[in-house]
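Input: a single structure, listed below in structure tokens.
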Amino acid sequence: MSDFLLTVFRLGFLVALWWFVLRIVAVLRRDLQAPRDAKPLTPARTSKAPSPRPTLRTRKASTSLVITEGTLEGTVVPLGTTPIIIGRAADATVVLEDDFVSTQHASLTPNGNHWVVEDLGSTNGTYIDRSRVTKPTVLHPGSTLRIGRTGMELRS
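Residue 1300 is where the sequence shown starts when you use our numbering, and the numbers rise one by one after that.
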């Protein structure tokens, strides 16, 4: 092999190696910025048309989760019959852009007329009215659910 051909192969290998390194950096950067780019949950993205047929149940259950403190203050999340995941991940139901919130921080699960809060192993904890949630706990309307710097309440 000639010296010229060997130099061309070396340069080609070096270019391919740098291309690979830059692609890895781009993917890591995109993955780390994904929670910031994720759009928070809005009623327009999740609400379904109400059923025209009246229900026979007359329970007074909470119908919305209102964010009362934090960057999303004033946001109203309609509650249905499915569990809600609160966290920083883009696939969470309620996305909170807060450094004190874990990727999947807590879940809200319907249980009859009540909503049950469960901490999903977060680092900084989940609190209901200054009490840390260590096991599944019923969240009563009017009680403040605190996750990171964000406060939330159940309302009818």
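Built from N, CA and C at the ideal position, the CB exists for glycine as well.
Span separating the alpha-carbon of residue i from that of residue j
i: A1343; j: T1306; result: With a pLDDT of only 49 at A1343, under the threshold of 50, the placement of this residue in the model should not be trusted, and no figure is reported.
i: F1308; j: A1325; result: 26 Å
i: V1393; j: N1410; result: 19 Å
i: L1453; j: A1405; result: 15 Å
i: T1374; j: V1416; result: 19 Å
i: W1414; j: I1323; result: 42 Å
i: S1363; j: A1315; result: 53 Å
i: G1379; j: N1412; result: 12 Å
i: T1402; j: A1388; result: 5 Å
i: V1437; j: A1391; result: 21 Å
i: T1381; j: L1327; result: 32 Å
i: S1455; j: E1368; result: 18 Å
Residue i - partner residues in DSSP beta bridges
i: T1306; result: Paired residues: none, contrary to the question.
i: G1447; result: None; G1447 has no bridge partner.
i: S1363; result: P1377 and R1454
Member of the options whose CA lies at the smallest distance from the CA of residue i
i: D1398; options: T1408, L1378 and S1421; result: S1421
i: G1424; options: L1378, I1385 and T1370; result: I1385
i: H1439; options: R1448, L1407, D1418 and T1433; result: L1407
Inter-residue CB distance, residue i and residue j (contact presumed, cutoff 8 Å)
i: I1427; j: L1395; result: About 17 Å separates the two Cβ atoms, so there is no contact after all.
Quiz item: Going along the chain, which unbroken runs of the beta strand (DSSP E) with 3 or more residues stay wholly within the segment 1366-1445?
Solution: As far as the segment 1366-1445 is concerned, its whole beta strand (DSSP E) runs of at least 3 residues are 1375-1377, 1383-1386, 1405-1410, 1413-1418, 1425-1427 and 1436-1438.
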